[in-house]
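Asker: Take this structure, written in structure tokens, and hold onto it; I'll ask about it next.
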Amino acid sequence: MATRGKSTGSGQGGETHQQAGEDVQTLTTNQGIPVSDNQNQLKAGTRGPVLLEDFVLREKIFHFDHERIPERIVHARGSAAHGFFELTDSLSDVTSADLFQRTGEKTPVYVRFSTVAGGSGSVDTPRDVRGFAVKFYTKQGNWDLVGNNIPVFFIQDAIKFPDLVHAVKMEADRGYPQAASAHDTFWDFVSLVPESTHMLMWAMSDRTLPRSLRHIEGFGVHTFRFVDAAGKSTFVKFHWKPKLGLQSTIWDETVKIAGADPDFHRRDLFESIDRGDFPEWELGVQLFDEKFAASLPYDVLDATKIIPEELLPIRIVGRLVLDRNPDNFFAETEQVAYCPSNIVPGIDFSADPLLQGRLFSYLDTQLKRLGSTNFHQIPINQPKQCPFANFQRDGHMQMMVPKGRANYEPNSLAQAGEVGGPRENPKLGFTTFPEPVEGVKLRVRAETFADHYSQARMFFRSLHPAEQAHAASAFVFELSKVVIDHIRERVVSNLRNVDESLAQRVADGLGMDLPPASQPAAPVIELDPSPALRIIGNMKDTLEGRVVGILIHDGSDGKVIDTIVAAVKKAGGTPKVIAPKVGGVKLKDGGTFKADGQLAGSPSVLFDAIALVLSPEAATALTKEAAAVQFVMDAFGHLKAIGHSKAAQPLLDKAGVEPDAGVVVLGAEFIEAAKQRYFDREPKVRTLA
Ligand code: HDE
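Written out as structure tokens, the structure reads:
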């Protein structure tokens, strides 16, 4: 027998469903019509066909069928948060931009981080560049600083962008690989475009394997201008410096994280904000004039070049704090529309040909994705501190209801007592810096853009030897996935212009002879190394932002667990207790301890250091448990600190752990040890190029 509103036996729509009552809001259609039954379609008879007039069903399914919008062609996978920018050093000496005037003043922001190549459902940890896009809701309108975690780019001219993106994304016929540059078409393209070499060095370095989004730097990449109240222009490059310092993962670890937690970075961002551990960066600027720019052996309009901070120091002017998670992923993170052309008075563009192309591109992409020229009316995109006012009207999904007849300007309706509408304001309005420009129309690349290798060399030679080995091994890994021989050879030919030893290491790693060097377009020059470009040396000795995995089992000592948990928390870290069963273990003293995670589902790649609090019996039993052996083996292989009770030795032995500075008996020493990684250990655990 059928019942109305409550199905029989299936559980669907059963008695447990909450019914609207005094304090529960009534479910309605989009037209506000109350819905009496959200479990069953309208049918002709209990087992009969469904009736077309079921507008409740039709509206619900119609809306669902259209829930997806086109994902971003690049940077589709992203995570974001609300926060604020606080000025700590006034920039009124160089810019009239309102947000940079008064120290202590906060400007609301929405920041979206992303990977570049993968689709929106791809994993968080491929080897890839990270987007770092900041929307400042200033009192003078929205300013979008749409940058990356790498200060240079693959190409110098926007006209090559579609080729670059086609080459890196999944191959056109087979639809794979997803979110990976390790394939023929990417390396074919970049090997034919030597201007990509500097960026390739960064991409193959550990910069593209960040431990978390809280551990990345950000860069505006292009040269911009500041303009002061008197109209004087100063060139500026923007930098974000993470409070937690830099931290990367090991390639093998990254690969395993992708399986263990595809949302590794998204989860970390969300959870850290949720528990009040707010991600933070400093904003720094490099300021310079035309004369300084002219003194450099490269062009500041060329986005494949940096200005080393040793040469031009970074002035720290503020801090960015992310303190609120989005309420709704789609409404905010998916619909946020960044445009490098969103700029405020006091800031201006440079003639960087890559930036110029971007100014054009992003509006188009927003129209395609969001479907309407009115995308600026979506709450996340609206200017928050200064409502917009103009005579643009109508269009798809118009949300505003403008009053009166004034939809044109000039008008004299105000004189007739009607609303006349807003007017231009030469004093407060945005004015473009009057840079003198002249020239003939040409499709050329400036001669000053011709040096593609000197900074690539500088970058490689600035790295710590362990990072150099990682980069060389990354080239070997990626090129080993390339099946066309001549592509591999061309890459190595180009690398010979960067560094002969690097080229040799990559050739050896690939098992090929060193090919002749390619002919550089301009002579390669020796630039001073820049230690600021290293990760090792720019990591912070802290447990903040780090997670310690504590493995326990039946018979573990509860007091030891409590002590470690407390010590990790005191040092600013996050403890996670792992046990064979999530329900927990029976402690030595007969009590119980609930776990945060199950061993098989919580491999050590998810943690920065591990502690083993095991009884002799448990340690022996776990030597026969692959997940436990792997837990320890990977922590050792990924150069992490291992703290252990003496009784845990059989498990350490089974996992091949050899004594070193990072393998310590549990105690205060472990908390110190857990703050870093042990790069000296690496030659013991793997062969690098
Ligand atoms: Fe982008 N880029 N880009 N890009 N880009 C997009 O805009 C484009 C470039 C960057 O979290 C798209 O809204 C062109 C450099 C970030 O929503 C699109 C060129 C840098 C994001 C687009 C570049 C970036 C984008 C796709 C060459 C670092 C994600 C979706 C001239 C400075 C923003 C979208 C977010 C997104 C075009 C080069 C950073 C297609 C044509 C260089 C962080 O408009």
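So the mapping is simple: our numbering equals the position in the sequence shown, first residue as 1, plus 1023. Positions of the beta carbon are idealized from the N, C-alpha and C atoms, including for glycine.
Just confirm the distance between the C-beta atoms of E1688 and K1669, as a whole number of angstroms; I'd bet it's less than 8 Å.
Answerer: According to the sequence displayed, residue 1688 carries Val and not Glu. The pair is a contact, with the Cβ atoms about 7 Å apart (cut-off 8 Å).
Asker: Which whole-angstrom value describes the C-beta separation of Y1133 and K1162, a residue pair presumed to lie in contact below a C-beta threshold of 8 Å?
Answerer: Contact flag wrong, Cβ pair sits at about 16 Å.
Asker: Residue ranges of each alpha helix (DSSP H) run of no fewer than 4 residues wholly in the region 1632 to 1680, ordered along the chain?
Answerer: Runs found: 1639 to 1645, 1649 to 1660, 1672 to 1677.
Asker: Between G1679 and F1659, how many whole angstroms is the CB-CB distance? I'm expecting something under 8 Å.
Answerer: Between F1659 and G1679 the Cβ distance is about 7 Å, and since that is below 8 Å, they are a contact.
Asker: Please go through the same chain and pick out, in chain order, the residues whose beta-carbon is closer than 7 Å to the beta-carbon of V1492, but skip the five residues on each side of it.
Answerer: Before going on, a small fix: residue 1492 reads as Ala here, not Val. These residues qualify, in order along the chain: L1711, A1712.
Asker: Can you give me the start and stop residues for the alpha helix (DSSP H) that N969 sits inside?
Answerer: Summary: the structure shown does not reach residue 969, with the chain confined to residues 1024 through 1712, and so no result is reported for it.
Asker: Taking the alpha-carbon positions, what's the T1052 to H1089 distance?
Answerer: Each residue's Cα considered, the two are about 16 Å apart.
Asker: Does L1451 pass the burial test, meaning 16 or more other C-beta atoms within 10 Å, or should it be called exposed?
Answerer: The residue in question, L1451, is exposed, as its Cβ has fewer than 16 Cβ neighbours within 10 Å.
Asker: Distance, Cα to Cα, G1596 vs A1530?
Answerer: Near 42 Å, if we compare the C-alpha coordinates of A1530 and G1596.
Asker: Please state whether the Cβ-Cβ distance between V1570 and K1599 is less than 9 Å.
Answerer: Their beta carbons are under 9 Å apart, which means V1570 touches K1599 by this criterion.
Asker: Can you tell me which residues form a DSSP beta bridge with E1109?
Answerer: DSSP lists K1129, R1342 as partners of E1109.
Asker: Rank K1183, A1140, F1249, P1331 by C-alpha distance to the C-alpha of V1117 and give the top, closest one.
Answerer: When each option's Cα is compared against that of V1117, the closest is F1249.
Asker: Could you check whether the Cβ of N1171 sits closer than 8 Å to any heavy atom belonging to the ligand HDE?
Answerer: Yes; taking the cut-off as 8 Å, the Cβ of N1171 has a heavy atom of the ligand HDE nearer than that.
Asker: Could you tell me whether any Cβ in chain D is nearer than 9 Å to the Cβ of V1308?
Answerer: The structure shown has no chain D; it contains just one protein chain.
Asker: According to DSSP, is R1081 part of a helix, a strand, or is it coil?
Answerer: Three-state result, R1081: helix.
Asker: Are G1607 and F1616 touching if we call contact CB-CB under 9 Å?
Answerer: Yes, Cβ-Cβ distance for G1607 and F1616 is below 9 Å.
Asker: Per the contact definition of three or more C-beta pairs closer than 8 Å, is the region 1096 to 1107 in contact with the region 1138 to 1146?
Answerer: Result yes; three or more Cβ-Cβ pairs closer than 8 Å.
Asker: Could you check where the beta strand (DSSP E) with L1306 kicks off and where it finishes?
Answerer: Element bounds for L1306: 1303 to 1311.
Asker: When the distance is taken between beta carbons, is W1210 closer than 9 Å to L1574?
Answerer: Not closer than 9 Å, so no.
Asker: Could you spell out the range, first to last residue, of the alpha helix (DSSP H) harbouring G1581?
Answerer: G1581 -> alpha helix (DSSP H) spans 1581 to 1593.
Asker: So what's D1291 in DSSP terms, helix, strand or just coil?
Answerer: The answer is helix: DSSP assigns D1291 an H, G or I state.
Asker: In three-state DSSP terms, what is P1554?
Answerer: Three-state result, P1554: helix.
Asker: What residues in its chain sit with their C-beta under 8 Å from that of E1218, if we drop five residues either side in the sequence?
Answerer: So the list reads F1177, I1178, Q1179, T1327, F1472, H1475, once near-sequence residues are dropped.
Asker: Less than 8 Å between the CB of T1220 and some heavy atom of the ligand HDE, yes or no?
Answerer: No.
Asker: Put K1698 into one of helix, strand or coil per three-state DSSP.
Answerer: DSSP places K1698 in coil when its eight states are reduced to three.
Asker: Please tell me whether A1641 and G1578 are closer than 9 Å, where the distance is taken between their beta carbons.
Answerer: In contact: A1641 and G1578 (Cβ atoms closer than 9 Å).
Asker: Anyone know if the C-beta pair for G1380 and F1184 falls short of 9 Å?
Answerer: Yes, the Cβ-Cβ distance between G1380 and F1184 is below 9 Å.
Asker: Less than 9 Å separating the beta-carbons of M1422 and N1397?
Answerer: Yes.
Asker: Using a Cβ-Cβ cut-off of 6 Å (strictly less than) and excluding sequence neighbours within five positions of A1281, which residues of its own chain qualify?
Answerer: Closer than 6 Å at Cβ, skipping near neighbours: V1146, T1148.
Asker: Can we say the region 1281 to 1291 touches the region 1313 to 1324, given the rule of at least three CB pairs closer than 8 Å?
Answerer: With a cut-off of 8 Å, the region 1313 to 1324 and the region 1281 to 1291 do not count as touching, because too few Cβ pairs lie within range.
Asker: Should W1274 and S1627 be called a contact, given that it needs their Cβ atoms to be closer than 9 Å?
Answerer: Taking 9 Å as the Cβ cut-off, W1274 and S1627 do not qualify as a contacting pair.
Asker: Is any non-hydrogen atom of the ligand HDE found closer than 8 Å to the C-beta of T1272, if you look at the structure I gave you?
Answerer: T1272 Cβ: outside cutoff for every heavy atom of the ligand HDE.
Asker: Could you give the C-beta distance for V1073 and Q1064, rounded to a whole number, given that I count them as a contact under 8 Å?
Answerer: That pair is a contact at about 5 Å.
Asker: On the criterion of 16 or more Cβ atoms from any shown chain inside 10 Å, does G1028 qualify as buried, or is it exposed?
Answerer: Note that G1028 scores 41 on pLDDT, short of 50, meaning its location in the model is unreliable; the coordinates nonetheless yield the value given after this. Counting Cβ neighbours within 10 Å, G1028 comes out exposed, since fewer than 16 surround it.
Asker: With 16 other CB atoms within 10 Å as the buried threshold, where does Y1199 fall?
Answerer: When all chains shown are included, Y1199 counts as exposed.
Asker: Contact check, S1119 vs D1312 under 8 Å by CB: the rounded distance?
Answerer: About 17 Å; that fails the 8 Å criterion.
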